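Quick note: the sequence shown uses this note's numbering, first residue 656, plus one each step. Each residue gets a CB set at the ideal place from its N, CA and C atoms; glycine is no exception. In this text the structure is predicted, and so the values were computed from the model without any measurement. Presented below is the structure to which this report refers.
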Amino acid sequence: MVRMSKKHLEILLIEDDPTFASALQALLRRKSIFTFDCAHAATFEDADLIMSQRQFDVILLDLTLPDIQGIETLHAVRRRGYACPVIILTGQDEEDLGVQAMKAGAQDYLIKGEIDGRLLSRAITHAIERARLIYEREDFLATLTHDLKNPLIGANRVIELMAEEKIGKLNEEQINLLFHIKNSNWTLLTLIGNLLEVYRFEKDLATLYFEHTNLMQIINNCMKEIAPIATDRNIQVLKEMPENPDAVILADADSLTRVLRNLLDNALKYTPTGGEVKVSLSSSADSVTLKVSDTGPGIPEEDRKHLFERFWRGRASRRHTPGTGLGLYLCQQIVTMHKGTISCACPSGTGTSFMVELPREISTQS
C-alpha cells in the first residue's frame, strides 16, 4: 500500500472517451503535486490486461464502459484482485451512482463536468492516504480477532469435556451453567469468525475450494452444533426434507457451512422462547434451495432492503440483540461467489424466512 510520501505515482485511467481522457491527463500534468505515469484503457478488457502486467497506486474509473456498466465495473476490478484505491468518474446526472460506488468500496467520486487540476490532484492524494489508513486499521482488527479466536476455541473444548463429564460428575445446576457459557462462546466465535471472513473476502485473501458437496451433511452438522443452544432457549429446531433429497452441488463446503451457521444463529437470536426454527430443502434439475424459517417478530418492510449491507442493523436489533451487522453481508458475498442468490421473506407479517438458491454446477474459472 503506497504512502503519500511517495512522489511518483502509477495511475490507471479507465475511460472510453479519448477526448476526456486526454483532457484529464493534461489537467494532472499542469496542477499535480506529484509526478506520474498514466496508463489509459478504453474498455475493461484492455484494463484487465494492463492490470495483470503492472501495479498501480490508484485507478480512475468510468462506470460506463463499452463492455461493462454501473457498479458491476467496480466489482469486476475487485474480483480480479486489484486492491488499490479507486476514484469513480461520473456524469452530471450520475451522482447517486458515485455515492453507491463509495458504499461498495471506492475511495471517492468526481463529477466529470466539475473536475479541475487541483481537485483531481487532491482527490488522488486523499484517496491513497484514506486507503492506507483503512488497510492498516483492518489489518490490525484481523490480527486482533484471530488472536481472540484461538483461546475461545480452547475454552470451548474444555467446556465440552466438562459437559460430557469426562473431568468429573456434575449436578444439574452446573450443567445449566455450562450451557450458558457454551452459548456465550458460540456467540463470540460467530462474531469473530464473521469479522475474519469479511476481512479475507474484502482483501481478496479468501480461497474457495469447489468440490461436489452434499448439503445434507452440512445441514446435519450445523443442526447438531446448535442443538444445545436451542435446548437452552427452549426453541424447537425442525428439519423438513424430501424423502430422498438430491442435495449434491459443486461448492465450497466450509463457506456454505458459515452461511447456514449465520442464518441459524440469526433465527435463534430472534425467535422467542417456545418458538420454532425450521430448515428445509428443495431441489430441481439445475439448482438446490435451502430455506431457514423462524417464528420471530419478522423484519419491517423498510428494513429488508438494507439487510445485506455491511454493518447494517435494524433499529430493534441495535437495542435488543448483540451483533456486528456482518453475518448477512457475509452470507451474500459467499452465495454470490457460488453464482447463487439469497433473499428474505416475511409472508405473514411475523416470522422470517431466508432462501438460498444455489446452482448444482458452476464454472470455477470466473
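>> Going by C-alpha to C-alpha distance, which of L962, K960, H961 and P1002 sits closest to D949?
In response: Here residue 949 is taken as the residue at index 294 of the sequence shown, counted from 1. The option with the nearest alpha carbon to D949 is P1002.
>> Going by DSSP in three states, N889 sits in which element: helix, strand or coil?
In response: Taking the first residue of the sequence shown as 1, we reach residue 889 at position 234. N889: coil per DSSP, three-state reduction.
>> With distance defined between alpha-carbon atoms, name the residue in R959, H730, F711 and P952 nearest to G930.
In response: To locate residue 930, count along the sequence shown from 1; it is residue 275. Measuring from the Cα of G930, the nearest candidate turns out to be P952.
>> Taking only three categories from DSSP, how would you classify G703?
In response: Stepping through the sequence shown from its first residue, residue 703 is reached at position 48. Before going on, a small fix: residue 703 reads as Asp here, not Gly. It is helical.
> Do you know how far the Cα of F689 is from the Cα of D920?
Replying inline: Position 265 of the sequence shown holds residue 920. Position 34 of the sequence shown holds residue 689. Spanning the two alpha carbons is a distance of roughly 50 Å.
> Exposed or buried, which one is D712 when buried takes at least 16 other CB atoms within 10 Å?
Replying inline: As a working note, residue 712 is residue 57 in the sequence shown. When all chains shown are included, D712 counts as buried.
> How many angstroms separate the CA atom of N805 from the CA atom of I836?
Replying inline: The residue you call residue 805 lines up with position 150 of the sequence shown. The residue you call residue 836 lines up with position 181 of the sequence shown. The alpha-carbon separation between N805 and I836 amounts to approximately 16 Å.
> For N849, which of helix, strand or coil comes out of DSSP?
Replying inline: Along the sequence shown, one-based indexing puts residue 849 at 194. Helix.
> By the 10 Å Cβ neighbour count, where 16 or more other Cβ atoms means buried, how is R913 classified, buried or exposed?
Replying inline: Indexing the sequence shown from 1 puts residue 913 at position 258. So R913 ends up on the buried side.
>> For L667 and I783, I'd like the C-alpha separation in whole angstroms.
In response: What you label residue 667 is simply residue 12 of the sequence shown in a count that begins at 1. What you label residue 783 is simply residue 128 of the sequence shown in a count that begins at 1. C-alpha separation (whole angstroms): 13 Å.
> Closest to K894 by CA distance: which of D771, P721, L682 and V932 is it?
Replying inline: For the purposes of this step, residue 894 is identified with residue 239 of the sequence shown, where counting begins at 1. Comparing Cα-Cα distances from K894 to each of D771, P721, L682 and V932, the minimum goes to V932.
> Measuring CB to CB, does D722 end up less than 7 Å from T698?
Replying inline: Indexing the sequence shown from 1 puts residue 722 at position 67. Indexing the sequence shown from 1 puts residue 698 at position 43. The answer is yes: Cβ separation under 7 Å.
>> If you reduce the DSSP assignment to three classes, tell me which class T944 lands in.
In response: Taking the first residue of the sequence shown as position 1, residue 944 is located at position 289. Residue state, collapsed to three classes: strand.
>> Please report the straight-line C-alpha distance between L945 and L911, rounded to a whole angstrom.
In response: Against the sequence shown, residue 945 aligns to sequence position 290. Against the sequence shown, residue 911 aligns to sequence position 256. Spanning the two alpha carbons is a distance of roughly 11 Å.
>> Using the Cβ count rule (16 or more neighbours within 10 Å means buried), how would you classify E1030?
In response: Nothing can be reported for residue 1030, as the shown portion of the chain is limited to 656 through 1021.
>> Does the segment 844-851 come into contact with the segment 882-892, if we say contact requires no fewer than three beta-carbon pairs (one atom in each stretch) closer than 8 Å?
In response: no
> For D907, does the count of other Cβ atoms within 10 angstroms reach 16, so buried, or fall short, so exposed?
Replying inline: Reading the sequence shown from its first residue, position 252 is the one you call residue 907. Buried is the call here.
> So T690 is in the beta strand (DSSP E); what residue range does that whole segment cover?
Replying inline: The residue you call residue 690 lines up with position 35 of the sequence shown. That run of the beta strand (DSSP E) goes T690 to A696.
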